[in-house]
Each structure stands twice: as structure tokens, then as C-alpha cells.
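Scroll down for the structure; my scribbles are underneath it.
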């Protein structure tokens, strides 16, 4: 409760949370606000923002509604961002917990595995994985999750190594608790704070990676995303700059909200902040 109070008194964290909630609400309400296919031609091409009240953010070179594309693009970004982060956090937590708690040869083996994954440039590895399979939300989510887990694994491993010899862990062993119970019910809750903070950064990174893939033409061709909108509008950058600026602004606002939210969580969950 004290951490919650610290967060609620943090204007940076609250601003990030408010912006993030707006993006999530827009993503959830996209089928209600714009029930049609955002890739369908809705009007004449190159209507500028505020020129037609029916299309407040204008239309692109094919007559598609820019506002509908941005709102539906939020669905793709939020879905892939949170789903891929979930995959990365689950894999990284399991690997890091095993390495940090058991140590020894298992720790050496898992650390070598982390190093193998970290020798490849992350985005290049994502491109390779997505190119092998047909680009879709599922494959993009899996690729980003597979690439992102070593960051969590190293963090969890360090936390477990520092906690595994604490008194409450020794007491749990003395009571005959099994390794699984000690790992998931005793140590992991005490290591949750840095994992939660890292998760917000991972979501922002996942959204940027998905947008970059879509910009390069490696996104799901059946869905509109902010990256694909920016990629489609770059050819008209001089004559219709809003086609790049508007989805780009949505991307910036979302990533900024996640970073501000993460900073607020860090201040609230940081032990030094609790002591103030």
C-alpha cells in the first residue's frame, strides 16, 4: 500500500498511466468506433486533417481514413506489445530463476545460453525469425518474445542469487518446502519489483520493434499498424506529411507513456523511495 501511495503522488507516473489508459481504451473500442475495415477505401484520397468533419484526421493516398487506421493500429501495437512481453517475461523468469536458485553447472549452461542469444543484434534476429515464417501477429509476437527473454533472465538470476541465502529461504528449506514452492512462493514475490519495472520498458521496446517490422513490410499484411502507415506515407512525405506525422505521434505518445509509467513504478517500488 505504501508503494501505491508513492506512485499516486508521482505526477510522472500518473501522466504515463493516463496516456497509456487512453491508448488501451482506444484499442479496445476500435471495433465500436470504426466497425469497418480500416484498409477499405472510405473517401477521396489526400483529404487533409480538419478539412472534412467526417474524417477529422484526413485520408491517405488510397482514400483510407487515417483516424480509423490509427485507432485500429493501436490494437495491433497493444496486443503485440503486451503479448510478446508476456512471452519474454515467462521464459526469462523461468530461466533466470533456475540459474539463480540452483547455481552450479545448470547456472553455467543457462548463462551460456543467454550469451548466445545476446550475441545476435536483437532486431536482426527478429527479422530472421519473422522471415522464416509467414508474417502474422502470432509469429511477430513469438519472435519478439524469444528475443527479449535474456534481459529478464539476467535480472531474475541476479535477484535470486542475492535472495537464495536469506533467512526466510533458509527457514523454508528447514520446514521441508520443495524447490518449486521456495522459488515461486518465497523468492519470486520478493524479486517482483524490478521485474515489473522492466516489463514496462519491454512493452515499449516490443511496440517499437513491431512498428519497425511493419515499416519494412514484414508486418501482418491483413492488419493496419502504425509502422505500416508510416511506411505507406513516406513516399508522400513532402506533399502530405501528416500521413507520417500522425501515426508517428501515436507511436511516440504510447512509448512515452510506457516510459513515464515505468519511471513512476521504479520510484514507487525502489526501496530507497520507500524510505523517504
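Residue numbers (the working numbering): 7 to 282. Glycine included, every Cβ here is placed at the ideal spot set by N, Cα and C. Note that the coordinates shown come from a computational prediction; the quantities given were computed from them, not determined experimentally.
>> Rounded to the nearest angstrom, what separates residue 36 and residue 243 at their Cα positions?
In response: 27 Å
>> Less than 8 Å between the C-beta atoms of residue 158 and residue 44, yes or no?
In response: no
>> My parser needs the alpha helix (DSSP H) runs of 4 or more residues fully inside the stretch 60 to 112; what are they?
In response: 72 to 108
> Anyone know if the C-beta pair for residue 193 and residue 99 falls short of 8 Å?
Replying inline: no
> Grouping DSSP H, G and I as helix and E and B as strand, with all else coil, what is residue 226?
Replying inline: coil
> Who are the Cβ neighbours of residue 316 in its own chain at under 7 Å, not counting the five residues just before and after it?
Replying inline: This structure cannot speak to residue 316, because the chain is shown only from 7 to 282.
>> Quick check on this structure: which residue in 115, 64, 48, 32 has the alpha carbon closest to the alpha carbon of residue 77?
In response: 32
> How about residue 216 and residue 86: are their beta carbons less than 8 Å apart?
Replying inline: yes
>> Taking contact to mean 3 or more Cβ pairs, one atom from each stretch, closer than 8 Å, check whether the stretch 163 to 173 and the stretch 210 to 228 are in contact.
In response: no
> Looking at C-beta atoms only, is the number of pairs between the stretch 53 to 71 and the stretch 104 to 122 that lie closer than 8 Å three or more?
Replying inline: no
> Using a Cβ-Cβ cut-off of 7 Å (strictly less than) and excluding sequence neighbours within five positions of residue 160, which residues of its own chain qualify?
Replying inline: 102, 120
>> For the structure I just gave you, are there three or more beta carbon pairs, one from the stretch 181 to 189 and one from the stretch 139 to 148, closer than 8 Å?
In response: no
> Hey, how far is the Cα of residue 109 from the Cα of residue 150?
Replying inline: 28 Å
>> Between which residues of its own chain and residue 175 is the CB-CB distance below 7 Å, once the five residues before and five after are set aside?
In response: 169, 188, 192, 193
> Based on the DSSP output, what are the partners of residue 58 in its beta bridges?
Replying inline: 61
>> Restricting to Cα atoms, I'd like to know which of 95, 251, 162, 73 is closest to residue 196.
In response: 162
> For residue 142, which of helix, strand or coil comes out of DSSP?
Replying inline: coil
>> So the candidates are 131, 107, 208; which of them puts its Cα closest to the Cα of residue 219?
In response: 131
> Roughly how many angstroms lie between the CA atoms of residue 209 and residue 96, to the nearest whole one?
Replying inline: 14 Å
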